[in-house]
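As they're listed, the protein sequences go chains R and H. For the first sequence, the working numbering begins at 3 and goes up steadily by one. For the second sequence, the working numbering begins at 721 and goes up steadily by one. Following: one structure in structure tokens, then a few remarks.
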Amino acid sequence: MNSIFNDPGFWHRLQFGFTLVYHYLFPQLTMGLAWFLVYWKWRALRTGDEKYNQAVRFWAKIFGLNFAVGVVTGIPMEFQFGTNWSDFSRFAGGVIGQTLAMEGMFAFFLESAFVGALIWGEKRLGPRGHFAAALAVALGGWFSGYFILVTNAFMQHPVGYQIDAGGSLGIASMSAYLLNPWAFVQFAHNQMAAVVTGSFVVAAMGAFYALRGLHPVQARLYLRAGTLVGLIASLLVAFPTGDQQAKMVGNHQPITLAAMEGKFVGGSEASVALIGQPNVAAQRLDNPIEVPGALSFLAYGHFGSFVHGLNDFPKDAWPDNLELLYYSFHIMITLGTLFIVLMGFATLQNWRGRLESSTLLLWILMLAFPFPYIANTLGWMTAELGRQPWLIYGLFHTRDGYSKAVSNGDTIFTLIGFTGLYFVIGLLFLGLTGREIAKGPEQEPAAGIGAREAATV
Amino acid sequence: MIAIWYAVVSFMLIIYVVLDGRNFGTGMLHWFVAKTPEERRQVIAAIGPLWSWHEVWLVGFGGTLVAIFPRLMASAFAGYYLALFLILWCLILRGISIEVGGHINDRLWQTYWDFIFVFSNFLLAILFGAAAGNVARGVPLDDRGNFSMAFFTDFNVRGNVGLLDWYTVSIAILAVVILAAHGATYLTLKTEGAVHDRCEKCAKYLWIAAIPLLLIVLIESRIVRPDLPGRSLSNPFLWLGLAVIVVSIITLVSGLITRHELRAFLGSNFVIGGLLATGAAGIFPVMLHSTLAPENSMTAYAAAAGPRSLHLAAIWWPMAFALAVFYFVFISRRYAGKVSVQRDTQGFY
């Protein structure tokens, strides 16, 4: 009876992982999309061109749907620190609670106060006020991201803490904690990846309308903005932010780097595997196609640098889901490279004036939008699986963090509940988003007095 | 320091209950005060733009609780595991029903989401009421600071208790009535026409019904926790809470009688806030009372984070709160005024 299914830690991890991956499908779009709204609102202010306002009205509706699902799926995340990871909260709550509270108080209050104004307040606020609302929502979302990433960065690379009386953690230096170098790099990488998701979705919508022959002015606007921003963001995700992130992992979590690369034997002139399947029992990579010396160069800056292999470390220090970690990382890298190629080509065609006449390219752009979601998810899986077996790297094991008082029966019950509820939410979200897309951007601005704007009687 | 933080965290929870309580109340009354589809959209529109902003206060409270009282958060959240997830799921359903109900103008679609809306709000009021009862009664906290509680055991208030027993159920009923009264008072202020008239009547009956229920709960509390109020009689916040209750009841009653709707609603907010503040001051410094053995009880002092963490939080928290008050003023001004049946074109109708 000693299988993984009897291990409460497995179920707690599965539930947290599932609810987190699902939740993050929505904020990654809103964080990316928010800056498109700010940009278009600003263009509308500068040029007075109505097409920009039309674009903002349309995308604000899509934004609103994503925001609502993001809110309702986000609240369980905060609560699960207590319900499912109570021993972790007991140990580290004095530190991570600070940023969780700051996220709520500084960022989330700001974002949710102005999101209604962004979606329904155009007439009431006037052009400048509406622009300010878009900016407030975008800033709120990014502040939120920063506080959450500081929390995660502490788990990856703990700094600024002290051990208080009683053995739990407290803050020693707030500035060291908030300005964790890991958080900077991770924030830059993660936010650029969110912009990639936003730009792919915007470009896909443009491609869809262009292929349908609908809303030509709007389609051109989305295609141009989506592909150009998509190219810039895809480049920034890889370099410098992704490159810095990998160096950070190489310097502070060498076991993780070896596991991500499926490198069992260490050495200088370490190669990068383009393709290959890790075989943990035989401790090798099957069917490898490798670029010699590339890993040494990417991780430490010289082709001759020594890179540790997994065999240099005791087995109980290895990440406990090595295969999944390896594939997450490699598929993310592959997708990221393809994003640069696709958006680079689309930008080139756009510059030559051939984007909207190239049916094949439009089809690819339309169908490509799910892949940044996959890449973002895999990036987070790389970060979180790579951190194992630690919950706080080097300080606190994952197996010590879950709630000992909660039975497996309770955890499986809530996991089933979330699965069902999130399935229904997913269907509703897709259905309602589909309706907005079908209605299209070229509608009359909401006329009359809305209930949200109800006049004083 | 820890006593101040206890007051701050209680204050955040009170703000949440007062703000979101109007939505729970509105949700519970939805079917009873709004008869036609248009009236039902009107009721949703009265809370529609603001529910997510109110729910954010729960996030602010949760985050502050982890930062300031990590050991309490750890013990209580794991102990109330199933109840908390039920609350979370109801909050999800409540939010979804508000957002998607108005998206499709179809009678069946809206009837379905109206049902989810009413159902989830009833369950939320019951669960939050029972949760308050559990805080007052105590939980089976063991000597290692853990507990795990079933929904019900033998419905008794001592020893190995469950979430629901005769005491917590009666507080849940009180919560349903008071929050419904709060919602009715809010809708009276916020609507016009037939809904307004029904709510005005409803509010009076519900507030009158709350009086005997409150007295019953007070007597029960005396039996369940004979050790209270005890030394908290010297706690100034207890007397402040009582003073707030007295003044706000006068405000509420005079508002209801003179049909001064804003005054009645303010009174309603402060009645609920005063009751919760009195309760919070009454149990201080014990945050989790143990029904197994009094020495297992967790006080605010034992639950708090280290002094340096508390000190650092005291620097940024007031700034964040000041900003929140600023947004609050912005929002209240923006959404002031009544919601009518006729004049609406946006998503909530």
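Glycine included, each C-beta is placed from N, C-alpha and C at the ideal position. None of these values were measured; they are calculated from a predicted model.
query                                                                                                                                   : result
Below-7 Å beta-carbon distance, arginine 92 of chain R vs any chain H residue                                                           : yes
C-beta neighbour in chain R for leucine 1032 of chain H, strict 7 Å                                                                     : yes
Serine 405 of chain R at chain H interface by Cβ criterion, 7 Å                                                                         : yes
Sub-7 Å separation of leucine 934 of chain H and valine 897 of chain H beta-carbons                                                     : no
Given serine 730 of chain H as reference, the closest of H:Leu1043, H:Ile970, H:Gly1002 and H:Glu1015 once Cα atoms are compared        : H:Gly1002
Of the residues H:Leu909, H:Thr905 and H:Leu883, the one placed nearest alanine 1056 of chain H, counting alpha carbons only            : H:Leu909
Coarse secondary structure for arginine 454 of chain R, derived from DSSP in three states                                               : Any reading at arginine 454 of chain R must be qualified, since the residue scores a pLDDT of 40, below 50, and its modelled position is unreliable; the value itself is stated next. In this structure, arginine 454 of chain R counts as helix in the three-state DSSP scheme.
Members of the segment 852-866 of chain H that neighbour chain R once the beta carbon cut-off is set at 7 Å                             : Asn866
Spatial neighbours of phenylalanine 712 of chain H in its chain, beta-carbon cut-off 6 Å, leaving aside the 5 residues before and after : Within the shown structure, residues of chain H are numbered from 721 to 1069, placing residue 712 of chain H beyond reach of any answer.
Sequence-distant residues of its chain with Cβ nearer than 6 Å to glycine 311 of chain R (five each side left out)                      : Ala260, Lys265, Phe266, Val267 and Gly268
For arginine 983 of chain H and glycine 975 of chain H, believed in contact at Cβ under 8 Å, the rounded distance                       : 4 Å
Alpha carbon of glutamate 940 of chain H to alpha carbon of alanine 190 of chain R, nearest angstrom                                    : 56 Å
Positions along the segment 117-137 of chain R whose CB lies within less than 9 Å of some CB in chain H                                 : Val117, Gly118, Ala119, Ile121, Trp122, Gly123, Arg126 and Leu127
Proximal chain R residues relative to tryptophan 809 of chain H, where beta-carbon distance stays under 7 Å                             : Gly419 and Leu423
Cβ-based burial, lysine 63 of chain R [other Cβ within 10 Å; buried from 16]                                                            : buried
Three-way DSSP call (helix, strand, coil) for proline 321 of chain R in this model                                                      : coil
Secondary structure of phenylalanine 202 of chain R, DSSP reduced to three states                                                       : helix
In DSSP terms, what glutamate 292 of chain R is bridged to                                                                              : R:Ala275
Within chain R, the residues that leucine 804 of chain H reaches when beta carbons sit closer than 7 Å                                  : Phe81 and Thr85
Three-state secondary structure (DSSP) of arginine 814 of chain H                                                                       : helix
Between the CA atoms of glycine 244 of chain R and asparagine 86 of chain R - distance to the nearest angstrom                          : 31 Å
Serine 952 of chain H in three-state terms, based on DSSP                                                                               : helix
Buried/exposed call for glutamine 258 of chain R, threshold 16 Cβ in 10 Å                                                               : Checking the sequence, you will find threonine at residue 258 of chain R rather than glutamine. Threonine 258 of chain R comes out buried.
Rounded separation between alanine 448 of chain R and aspartate 862 of chain H - CA only                                                : Note that alanine 448 of chain R has pLDDT 48, beneath the 50 cutoff, so the model's placement of it is unreliable and the number below is only indicative. In a straight line, the C-alpha of alanine 448 of chain R is about 58 Å away from that of aspartate 862 of chain H.
Chain A contacts made by the segment 178-195 of chain R, where a contact means CB separation under 7 Å                                  : This model lacks chain A altogether; the protein chains it does include are R and H.
Chain R contact residues for tyrosine 801 of chain H, given Cβ-Cβ distances below 9 Å                                                   : Thr85, Asn86, Ser405, Ala407, Val408, Ser409, Asp412, Thr413 and Thr416
Valine 820 of chain H: contacting residues in chain R (beta-carbon distance under 7 Å)                                                  : Leu430 and Leu434
Chain R contact for isoleucine 943 of chain H (CB, 7 Å cutoff)                                                                          : no
Candidates R:Arg226, R:Thr400 and R:Thr413, of which the one nearest tryptophan 353 of chain R by Cα                                    : R:Arg226
Distance between phenylalanine 1004 of chain H and proline 956 of chain H (C-alpha atoms, nearest Å)                                    : 12 Å
Contact with chain R by serine 1072 of chain H, beta-carbon distance below 7 Å                                                          : Missing from the structure shown is residue 1072 of chain H; chain H here goes from 721 to 1069 and no further.
Endpoints, alpha helix (DSSP H) assigned at valine 786 of chain H                                                                       : 771-788
Three-state secondary structure assigned by DSSP to glycine 849 of chain H                                                              : helix
Any 3 or more C-beta pairs closer than 8 Å across the segment 28-43 of chain R and the segment 192-203 of chain R                       : yes
C-alpha distance - phenylalanine 837 of chain H paired with valine 820 of chain H, whole-angstrom precision                             : 11 Å
Below-7 Å beta-carbon distance, arginine 791 of chain H vs any chain R residue                                                          : yes
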